[in-house]
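Numbering (UniProt numbering), first residue to last: 1 to 260.
Even for Gly, the Cβ is constructed at its ideal location relative to N, Cα and C.
Everything numeric in this text was worked out from a predicted model, so none of it was measured.
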C-alpha cells in the first residue's frame with residue numbers, strides 16, 4: 001500500500017499525486033517525447049553510427065505529422081576553394097522558404113572573403129512591387145578540412161553576430177560555374193549559377209544532384225532571372241544598416257527577413 005507520498009511504497013514510473021496537476025501533465029509529456037525521440041532518432045544497430053551523428057530535431061511540426069527521417073546528414077563537396085567561390089552567384093532554383101516569400105526575380109548573392117577569414121554576404125532580390133530587397137550577413141567556416149561546411153548569421157545583437165545557421169556547400173562545379181547549397185535538415189536548398197540564365201539541361205542536372213543527397217527535388221521552385229543583368233543592382237528600397245555601421249549599434253541591425 002502507499003500513502004501517496006514519495007517512497008519505496010509508491011509504484012515506480014507513476015507521477016506524484018501531490019504535485020500540481022499541470023506539473024504532473026508536463027512530466028508525462030516530457031517522458032513521452034523523450035521515448036518517441038529516442039525511438040525515432042537512434043541509429044539502427046549495425047550501422048556504425050552513434051546517436052550524436054543522427055539528426056534529432058524535435059519540433060512542433062514533426063510532432064504533428066509523420067516526419068521523413070534521415071539518419072545521416074547529406075554529403076558535402078570534398079574540397080572548396082573559397083577564393084574561387086567568392087563573387088556573384090545567381091539563384092536559379094530553391095526550396096520554398098519564408099524569408100524569400102516576396103522575392104519574385106533576380107535573386108543574387110555576393111560573397112567577399114575578408115582578411116579575418118570571414119565571408120561577407122550581401123543578398124538581393126526584386127520584389128513584386130518593383131522594389132529591391134537586401135540582406136547582409138557574415139559566414140564562418142566550421143570544417144577547415146573541406147571548407148564546405150559553414151555557418152551564417154544575418155542578425156547582430158549589440159554588434160555581435162547571433163543565431164548562426166548551417167550553410168553547407170553540397171556540390172560545386174569543377175570550374176565553379178555552379179554551386180548547390182543546403183542544410184543538414186534538407187529543408188532548405190539553393191541552386192546557384194554564375195550565369196543568370198544557364199541551359200535548361202544543366203539546371204535539371206543540378207537539381208537531380210540534390211536528389212542524390214536526399215533532398216526533395218519535386219519541391220524546388222525556379223527563380224526568374226533577367227538575362228541582361230549587369231553590375232550592381234539598384235539600391236534597395238528597404239534596408240537595415242549593416243553590422244559595424246554608425247547605425248549598427250542597436251539590436252538587431254540586419255536580418256535575412258529583409259529579402260522578404
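Taking residue 186 as the centre and dropping the five residues before and after it, the same chain places the C-beta of 70, 74, 213, 214, 215, 216 closer than 8 Å to its C-beta, in chain order. The continuous alpha helix (DSSP H) containing residue 205 extends over residues 200-211. The bridge partners DSSP lists for residue 83 come to none. Annotation for residue 193: 90, 92, 178 place their beta carbon closer than 6 Å to its own, counting only its chain and skipping 5 residues before and after.
Residue 193 is bridged by DSSP to 90, 178. Where residue 122 is concerned, the enclosing beta strand (DSSP E) starts and stops at 119-127. Distance from the CA atom of residue 96 to the CA atom of residue 144, rounded to whole angstroms, is 30 Å. Contact check for residue 128 and residue 94: beta-carbon distance about 17 Å, past the 8 Å limit, so the pair fails to qualify. Between residue 164 and residue 180, the CB-CB gap reaches or exceeds 8 Å. If you draw a straight line from the Cα of residue 221 to the Cα of residue 198, it is about 15 Å long. A direct Cα-to-Cα measurement between residue 146 and residue 138 gives close to 19 Å. Bridge partners of residue 168 according to DSSP: 149, 182. Taking the Cα positions, residue 190 is about 11 Å away from residue 107.
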